[in-house]
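Chains as they are written, first to last, in my numbering: chain A, 27 to 311; chain B, 5 to 477.
Note that beta-carbon positions come from the ideal geometry of N, C-alpha and C, so glycine has one too.
Note that the coordinates shown come from a computational prediction; the quantities given were computed from them, not determined experimentally.
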Amino acid sequence: MSSLQNLINNWSQYRKGIEEGGFHHYEHRWGMAIDLNACIGCNACSTACYAENNLAVVGPERFAKGHFMHWMRVERYWDQPEKEFPEQGASFLPMMCQQCGAAPCEPVCPVVATYHTPDGLNAQVYNRCIGSRYCNNNCPYRVRYFNFWSYYESSWPEPLNMQLNPDLTVRDKGVMEKCTFCVQRIRTAKDKAKMENRKVKDGEFTTACAQACPTNAIHFGDLMDPESQVTKLWATHQVSRVDEQGRPRHEQDKQNPELRGYRVLEELNTDPSVMYLERVRETLA
Amino acid sequence: MKDIAIHSQEKDIREDLPWKQINTDILRSLDNPRRGYWYSIIVCLVLLAIGFTAEVIQYQHGMGMSKNHPHMWNLYIATFIFWIGMSHSGTLLSAILHIVHADWRKPIYRFAEAMTTFSLMTALLFPVIHLGRLWNFYWVVPYIPSRGTWPNFRSPLSWDGFAIMTYLTSSALFLYIGMLPDLAIARDNTTGWRKRLYSTLSLGWCGNDRQWRVFRKAYMLMAIFLIPLAVSVHSIVSSDFAMSINPGWHVTTFPPYFVAGALYSGCAAIITLFILLRYYFRWEEYMTLPILEKICKLTFAIAMMWTYLNLVEFASVWYGHDVYGKEVLWGKMTGAYAPAFWSMMFFGSVLPFTLAFRSLRRHIPTMMAVSILLNVGMWLERWMIVSPTLSQSFYPWSWDVMWPTLTSWAIVLGSFGWFGLLFLVFVKIFPSVSMYEVKEMVYHRKLATEKAAARVGGAAPAYGAHMKKEDAV
Ligand code: SF4
Numbered sequence: 027m028s029s030l031q032n033l034i035n036n037w038s039q040y041r042k043g044i045e046e047g048g049f050h051h052y053e054h055r056w057g058m059a060i061d062l063n064a065c066i067g068c069n070a071c072s073t074a075c076y077a078e079n080n081l082a083v084v085g086p087e088r089f090a091k092g093h094f095m096h097w098m099r100v101e102r103y104w105d106q107p108e109k110e111f112p113e114q115g116a117s118f119l120p121m122m123c124q125q126c127g128a129a130p131c132e133p134v135c136p137v138v139a140t141y142h143t144p145d146g147l148n149a150q151v152y153n154r155c156i157g158s159r160y161c162n163n164n165c166p167y168r169v170r171y172f173n174f175w176s177y178y179e180s181s182w183p184e185p186l187n188m189q190l191n192p193d194l195t196v197r198d199k200g201v202m203e204k205c206t207f208c209v210q211r212i213r214t215a216k217d218k219a220k221m222e223n224r225k226v227k228d229g230e231f232t233t234a235c236a237q238a239c240p241t242n243a244i245h246f247g248d249l250m251d252p253e254s255q256v257t258k259l260w261a262t263h264q265v266s267r268v269d270e271q272g273r274p275r276h277e278q279d280k281q282n283p284e285l286r287g288y289r290v291l292e293e294l295n296t297d298p299s300v301m302y303l304e305r306v307r308e309t310l311a
Numbered sequence: 005m006k007d008i009a010i011h012s013q014e015k016d017i018r019e020d021l022p023w024k025q026i027n028t029d030i031l032r033s034l035d036n037p038r039r040g041y042w043y044s045i046i047v048c049l050v051l052l053a054i055g056f057t058a059e060v061i062q063y064q065h066g067m068g069m070s071k072n073h074p075h076m077w078n079l080y081i082a083t084f085i086f087w088i089g090m091s092h093s094g095t096l097l098s099a100i101l102h103i104v105h106a107d108w109r110k111p112i113y114r115f116a117e118a119m120t121t122f123s124l125m126t127a128l129l130f131p132v133i134h135l136g137r138l139w140n141f142y143w144v145v146p147y148i149p150s151r152g153t154w155p156n157f158r159s160p161l162s163w164d165g166f167a168i169m170t171y172l173t174s175s176a177l178f179l180y181i182g183m184l185p186d187l188a189i190a191r192d193n194t195t196g197w198r199k200r201l202y203s204t205l206s207l208g209w210c211g212n213d214r215q216w217r218v219f220r221k222a223y224m225l226m227a228i229f230l231i232p233l234a235v236s237v238h239s240i241v242s243s244d245f246a247m248s249i250n251p252g253w254h255v256t257t258f259p260p261y262f263v264a265g266a267l268y269s270g271c272a273a274i275i276t277l278f279i280l281l282r283y284y285f286r287w288e289e290y291m292t293l294p295i296l297e298k299i300c301k302l303t304f305a306i307a308m309m310w311t312y313l314n315l316v317e318f319a320s321v322w323y324g325h326d327v328y329g330k331e332v333l334w335g336k337m338t339g340a341y342a343p344a345f346w347s348m349m350f351f352g353s354v355l356p357f358t359l360a361f362r363s364l365r366r367h368i369p370t371m372m373a374v375s376i377l378l379n380v381g382m383w384l385e386r387w388m389i390v391s392p393t394l395s396q397s398f399y400p401w402s403w404d405v406m407w408p409t410l411t412s413w414a415i416v417l418g419s420f421g422w423f424g425l426l427f428l429v430f431v432k433i434f435p436s437v438s439m440y441e442v443k444e445m446v447y448h449r450k451l452a453t454e455k456a457a458a459r460v461g462g463a464a465p466a467y468g469a470h471m472k473k474e475d476a477v
């Protein structure tokens, strides 16, 4: 009954569009800025993610079959097809869950295993997931990974099991899993801040990938905190969810097209929390 | 007189069929089918065993037996839509044609309804089989959970659950209600366990006026209820795709397109089963060629509707500004799936023209082959809906082509065994031609001829004069 009352009272709130921030009262909105100019494609972020989040190592055969589990992947694009290999440079794009503000993966889950947290994260409840995999079909970035097998049986042979992160579960077959911006680290930081009766400070903690990146290409922080480095990067590059009038702002609305910031597949209005800074390549005229 | 004799050969049912013979002929199906029937049962059992083994293996080891990234939906979902689609013509034939008083449906609608029910029961297996943790499938059902975790009412997958369950319940009820008078006939003509079964099931039917009145009302109500339901069920299945943002799926023509496809494959399946039943139980008297011709014409009309909707969809993608959608369409036509695409177009849009020729329509082996091929085409259509979009979505990194594994093929084969077995057992246990309606039909034909004869001027005998009292049931 009370939930019905709650629904009636808050109805107008549920109907809010993205321009008004959606129906969320965000406490934080964790976001990233990834500088592709700095990215050297070393895959340290991906490896760190494996270690931090107990990702299963599936082995070459299963990888080839498309059963891989990397929540963070570094994609290579060969964008100068007219050149041969040593001269032709690859561009790298580290891709992980974009923690969309209007996540297409969320409404389609039949059992609400994936939902939006007050932190602006797209959370995945492994215990609730029944593995319909609709979320992956509807994620335009294809960054959700499915446990095809009981990987725990083979992925961490003794003594590798000793390196598993105790802050996290090891998922079994049949569930969908994905990047959560290292939600366990976020939790720890928030708990600590709460104990000390303060807000989480910028730079107090970071995700495993950002921590491992040797060139500091990945910046992580709270987009709700006007002082955080990430917010400043987003503002400088004029990538923003809404403009001063509160209208949604897109790539096209940038006043200065020279700026390098963009979000992937922004035209789909998924409102990703990850901003990329374009790679600039020196070209000989 | 000779003219009339030739003319009556062309009628969809013989007018001088005594009512008693109708009962005997149809109840005969309960004991002695042709040997082909038993062969079919064996084939179905083998298929079912193969499918069941594959499912057990998949359950043990995980979905890796059949799927990969990014093809999270694949053969199972395509086959799911296929079976759901198959279920639609039972309703079309029995409910819609009942409402518009198309008499010719009467000898054949019972098995079509059974087909609806059983293909729904087969379809229902697939979303469950394809789940990663299928032992938790009931979480999609809105039972009252103690922790307040409801299913997600925004997800088309949970709408699917409601729609299919409603459709299954109502079509099973429809089948049962329509069978009541026949169950009573069967009760009066059998012994042993069958007698006990039919006595229970016929709910004390004795055929008095009040029962008939109530029965007619209930049957009509169910028919009226089922038509919008059938349309909405397949529209909801199409929402699984249309409500997503994927290129090639996010299309507004999907609901009518799916419904047309459903009616199409259902009609083709009816032709196949029609021919099989006619053969198994020697029902040439009831499942006559003129009736076959009528279903063929209906199928042809629906095939053209389907073709039209296909062209509409292609055209709207082609002339629209959706680059991704266009890429997917082009990929279907020229990419790795092109053979499947063009076979679908051939089987779905070109092959039905065989149905337009009278001589071919009346040729049973040809019709058998054509109806099976039409369904192959419709199965390919489902495959072409599901796979290419996942192979070639927004994100080039995840582009990939995949073919199903042996395990998934085995499970799909198993589903055919499961459906076939249910259907074959049904036709052996229940009268699968509606006796009371065939009698009505004979009566109507008789009346019509008598009227015609009276118009010509000959003195027509009063209807029923030739009938002995015990013929009437
Ligand atoms: S990137 Fe994909 S998985 Fe992540 S929130 Fe967006 S739609 Fe969901």
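Looking only at its chain, what residues have a beta carbon closer than 7 Å to the beta carbon of G329(B), apart from the 5 residues adjacent to it on each side?
Excluding residues within five positions, the ones whose Cβ falls inside 7 Å are P251, G252, V321.
Got a sec: does the ligand SF4 put a non-hydrogen atom nearer than 8 Å to the Cβ of E132(A)?
Yes, since a heavy atom of the ligand SF4 falls inside the 8 Å radius drawn around the Cβ of E132(A).
Given this structure, state the Cα-to-Cα distance separating D228(A) from T311(B), to the nearest angstrom.
Roughly 60 Å between the two C-alpha positions.
Nearest-angstrom Cα distance between R198(B) and V60(B)?
Their backbone Cα atoms lie some 35 Å apart in a straight line.
In angstroms with no decimal places, state the Cα-to-Cα distance between H73(B) and T411(B).
Near 17 Å, if we compare the C-alpha coordinates of T411(B) and H73(B).
With 7 Å as the C-beta to C-beta threshold (strictly closer), list the residues of the region 62 to 87 of chain B near chain A in chain order.
Result list: H65, G66, M67, G68, K71, N72, H73, P74, M76, W77.
Alpha carbon to alpha carbon, how far is K71(B) from N223(A)? Give it in angstroms, no decimals.
Each residue's Cα considered, the two are about 49 Å apart.
I'd like the list of long-range same chain contacts for M494(B), defined as Cβ closer than 7 Å, with 5 residues on each side in sequence excluded.
Since the displayed chain B opens at 5 and closes at 477, residue 494(B) lies outside it and no answer follows.
Give the single residue among A273(B), R39(B), R18(B), S44(B) whose Cα lies nearest to the Cα of A373(B).
Closest by alpha carbon: A273(B).
Tell me, please, whether the CB atom of H134(B) is closer than 9 Å to any CB atom in chain A?
True, the Cβ-Cβ gap to chain A drops below 9 Å.
According to DSSP, simplified to helix, strand and coil, what is S12(B)?
Model confidence at S12(B) stands at a pLDDT of 43, short of 50, so the residue's coordinates are unreliable; what they give is reported in the following sentence. Three-state DSSP puts S12(B) in a helix.
Does the separation of the CB atoms of M221(A) and G157(A) fall below 9 Å?
No, these two residues do not count as a Cβ contact at 9 Å.
Tell me the rounded alpha-carbon separation between A99(B) and M119(B).
Answer to the nearest angstrom: the Cα atoms are 14 Å apart.
Nearest by alpha-carbon distance to C300(B): which of F219(B), F361(B), D213(B) is it?
It is F361(B).
Name the residues in the region 250 to 275 of chain B whose C-beta lies less than 7 Å from a C-beta of chain A; which are they?
Residues passing the 7 Å Cβ filter: N250.
Around the Cβ of S391(B), are there at least 16 other Cβ atoms within 10 angstroms (buried) or fewer (exposed)?
Counting Cβ neighbours within 10 Å, S391(B) comes out buried, since at least 16 surround it.
Can you tell me whether E474(B) is helix, strand or coil according to DSSP?
Here the model assigns E474(B) a pLDDT of 46, short of 50, so the residue's position is not dependable, and the following value carries that caveat. Note: E474(B) maps to helix in three-state DSSP.
What's the call for C210(B), buried or exposed, on a 16-neighbour Cβ count within 10 Å?
Its Cβ having fewer than 16 others within 10 Å, C210(B) is exposed.
What does a CB cutoff of less than 7 Å around G40(B) pick up in its chain, not counting 5 residues either side in sequence?
Counting only Cβ-Cβ distances below 7 Å, and skipping sequence neighbours, we find Y283, Y284.
Using CA atoms only, rank isn't needed, just tell me which of I17(B), C48(B), P37(B), T83(B) is closest to V416(B).
Considering only alpha carbons, the answer is T83(B).
Per DSSP, what are the beta-bridge partners of G157(A) in this structure?
None, per the DSSP bridge assignment.
Any beta-carbon of chain B closer than 9 Å to the one on R307(A)?
By this cut-off, R307(A) is not an interface position.
For a contact defined as C-beta to C-beta under 8 Å, what are the partners of D404(B) on chain A?
Within chain A, the residues near D404(B) are G92.
At the 9 Å Cβ level, is K199(A) part of the contact set with chain B, yes or no?
Yes, because at least one Cβ of chain B sits closer than 9 Å to the Cβ of K199(A).
May I have a chain-ordered list of the alpha helix (DSSP H) segments no shorter than 4 residues that lie completely inside the region 76 to 161 of chain B?
Those alpha helix (DSSP H) runs which fall completely within the region 76 to 161 of chain B and span 4+ residues are 79 to 90, 92 to 95, 113 to 133.
Mind listing, in chain order, the continuous alpha helix (DSSP H) runs of no fewer than 4 residues lying wholly within the region 186 to 251 of chain B?
With a minimum length of 4 residues, the continuous alpha helix (DSSP H) runs that stay inside the region 186 to 251 of chain B are 196 to 205, 213 to 246.
Beta-carbon of C239(A) versus every beta-carbon of chain B: anything under 9 Å?
No, because no Cβ of chain B sits closer than 9 Å to the Cβ of C239(A).
Would you mind working out which of G418(B), F434(B), A457(B) sits nearest V47(B), comparing C-alpha positions?
Nearest of G418(B), F434(B), A457(B) to V47(B), Cα basis: G418(B).
Note down, in chain order, all residues in the region 310 to 326 of chain B with a beta-carbon under 9 Å from any beta-carbon belonging to chain A.
Within the region 310 to 326 of chain B, no residue has a Cβ that lies closer than 9 Å to any Cβ of chain A.
Would you verify that the beta carbon of Y399(B) is, or is not, closer than 9 Å to some beta carbon of chain A?
Yes - at least one Cβ of chain A is within 9 Å of the one on Y399(B).
Could you please give the first and the last residue of the uninterrupted beta strand (DSSP E) stretch that includes R289(A)?
Unbroken run through R289(A): none, as it is neither H nor E.
List the residues that DSSP assigns as beta-bridge partners of L303(A).
In the DSSP output, where bridge partners are listed per residue, L303(A) has D61(A), G287(A).
Beta-carbon within less than 7 Å of Y223(B)'s beta-carbon, same chain only, minus the 5 sequence neighbours each way: which residues are those?
Here the set comprises I181, G182.
So is H325(B) buried or exposed if we call it buried at 16+ other beta carbons inside 10 Å?
Exposed is the call here.
Which residues does DSSP list as the beta-bridge partners of N148(A)?
Answer is H142(A), bridged to N148(A).
Taking the alpha-carbon of I54(B) as reference, which of F420(B), R459(B), W403(B), V429(B) has the nearest alpha-carbon?
Ranking F420(B), R459(B), W403(B), V429(B) by Cα distance to I54(B) puts F420(B) first.
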